[in-house]
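Encoded as structure tokens, the structure appears first; notes follow it.
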Amino acid sequence: MSNPKKIAIVDDNSFLINAIKEKLSFFEDVVFKYAANNGKEMLQKLEQDKNLDIILMDIEMPIMNGIDATLEIKQRYPQIKIIMLTVFDNDENIFNAIKAGADGYLLKDVDPNSLYQGIQETLSGGAAMTPSIAMKTLKLLRNPFQSEENTNETEEIKLSAREIDVLEQLSKGLSYTIIAENLFLSPSTVRKHIENIYSKLQVHSKLEAIQKAKKNNLI
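Residue numbers (the working numbering): 3 to 221.
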């Protein structure tokens, strides 16, 4: 096997780690080194073994999220490429991931060939991006975040009962994992609800979502 691509995966969901490993198992030149459940654990493993080419990084994780971990890893090990691999494609995450030094941004439902091509492209100096992410990135460059001060008027916003439940939990400062347990949902379902909430409220962060929801008497 010539020039193997040495890879690590960071995700708090062991099922998704195994799903990613399975996608990469089709390619003989990809060598899976190890996995970590959060950013802090990844940093500890890197201290033991930094012989990696690329890290596939989740964003929403307990203890240390993927964006904070990316910032830290890039400062310590700038030679290692990092692709964010997430269910989220909201503007705030894209913007913060790029600022932190991420080399690519793919969605977790990416097919094996596209994932492999993204890894190859990133290792060749490119930037792997799901098409929808690339479009959002262009829009972000053209239209930086607008201040909420520009939208002071009360708007008619319709959220589902479940989305309001999630928002109320979010306003208490709870993590996605705890919210999932409290509402008997999977963490990925909670993330999808929050993605829909962000879209409906036209916001880019938890704080903005909570402020706008309170302003519009949603919670």
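Built from N, CA and C at the ideal position, the CB exists for glycine as well.
These numbers were taken from a predicted model, which means no experiment stands behind them.
Three-way DSSP call (helix, strand, coil) for residue i in this model
{"i": "Phe186", "result": "coil"}
{"i": "Phe34", "result": "strand"}
{"i": "Ile82", "result": "coil"}
{"i": "Leu209", "result": "helix"}
{"i": "Ile75", "result": "helix"}
{"i": "Ser161", "result": "Note on residue identity: the sequence assigns Leu, not Ser, to residue 161. Note: Leu161 maps to coil in three-state DSSP."}
{"i": "Met59", "result": "strand"}
{"i": "Ile9", "result": "strand"}
{"i": "Leu176", "result": "coil"}
{"i": "Leu87", "result": "strand"}
{"i": "Ile221", "result": "coil"}
{"i": "Leu169", "result": "helix"}
{"i": "Lys194", "result": "helix"}
{"i": "Gln204", "result": "coil"}
{"i": "Asn20", "result": "helix"}
{"i": "Ile69", "result": "helix"}
{"i": "Leu45", "result": "helix"}
{"i": "Glu151", "result": "Only weak support exists for where Glu151 lies, its pLDDT of 42 falling under 50; the coordinates are left without a value."}
Residue j beta carbon less than 8 Å from that of residue i
{"i": "Ala71", "j": "Gly41", "result": "yes"}
{"i": "Lys8", "j": "Lys35", "result": "yes"}
{"i": "Gly120", "j": "Ile85", "result": "yes"}
{"i": "Glu181", "j": "Val192", "result": "Glu is not the amino acid found at residue 181; the sequence shown has Ile there. The answer is yes: Cβ separation under 8 Å."}
{"i": "Glu183", "j": "Ile221", "result": "no"}
{"i": "Leu54", "j": "Ile82", "result": "yes"}
{"i": "Lys217", "j": "Val205", "result": "no"}
{"i": "Phe28", "j": "Pro114", "result": "yes"}
{"i": "Tyr79", "j": "Lys101", "result": "no"}
{"i": "Leu87", "j": "Lys110", "result": "yes"}
{"i": "Leu161", "j": "Lys202", "result": "yes"}
{"i": "Asn98", "j": "Ile69", "result": "yes"}
Exposure of residue i, with buried meaning 16 or more beta-carbon neighbours within 10 Å
{"i": "Asn20", "result": "exposed"}
{"i": "Gly175", "result": "exposed"}
{"i": "Ala104", "result": "buried"}
{"i": "Ile65", "result": "exposed"}
{"i": "Asn67", "result": "buried"}
{"i": "Gly128", "result": "exposed"}
{"i": "Pro189", "result": "buried"}
{"i": "Leu209", "result": "exposed"}
{"i": "Ala163", "result": "exposed"}
{"i": "Ile22", "result": "buried"}
{"i": "Glu62", "result": "buried"}
Cutoff 7 Å; reference residue i; Cβ partners in own chain excluding five residues on either side
{"i": "Ser207", "result": "Glu94"}
{"i": "Leu187", "result": "none"}
{"i": "Ile159", "result": "Lys202, Leu203, Asn218 and Leu220"}
Cβ neighbours of residue i in the same chain (closer than 6 Å, five flanking residues each side left out)
{"i": "Asp13", "result": "Ile19 and Asp60"}
{"i": "Asn15", "result": "none"}
{"i": "Lys2", "result": "Look at the range of the chain in this structure, 3 to 221, and you will see that residue 2 is not part of it."}
{"i": "Leu73", "result": "Ala102"}
Any non-hydrogen atom of the ligand MN closer than 7 Å to residue i Cβ
{"i": "Leu109", "result": "With respect to the ligand MN, the structure shown offers nothing to examine, as it has no ligands at all."}
Residues of its chain near residue i, where Cβ-Cβ distance is below 8 Å and the 5 sequence neighbours each way are ignored
{"i": "Lys194", "result": "Val89"}
{"i": "Pro6", "result": "Asp31, Val32 and Val33"}
{"i": "Glu165", "result": "His195, Asn198, Ile199 and Lys202"}
{"i": "Ser177", "result": "Pro64"}
Item to complete: Could you name each continuous alpha helix (DSSP H) segment of 4 residues or more that falls completely within the region 96-137, going from the start of the chain to the end?
Response: 114-125
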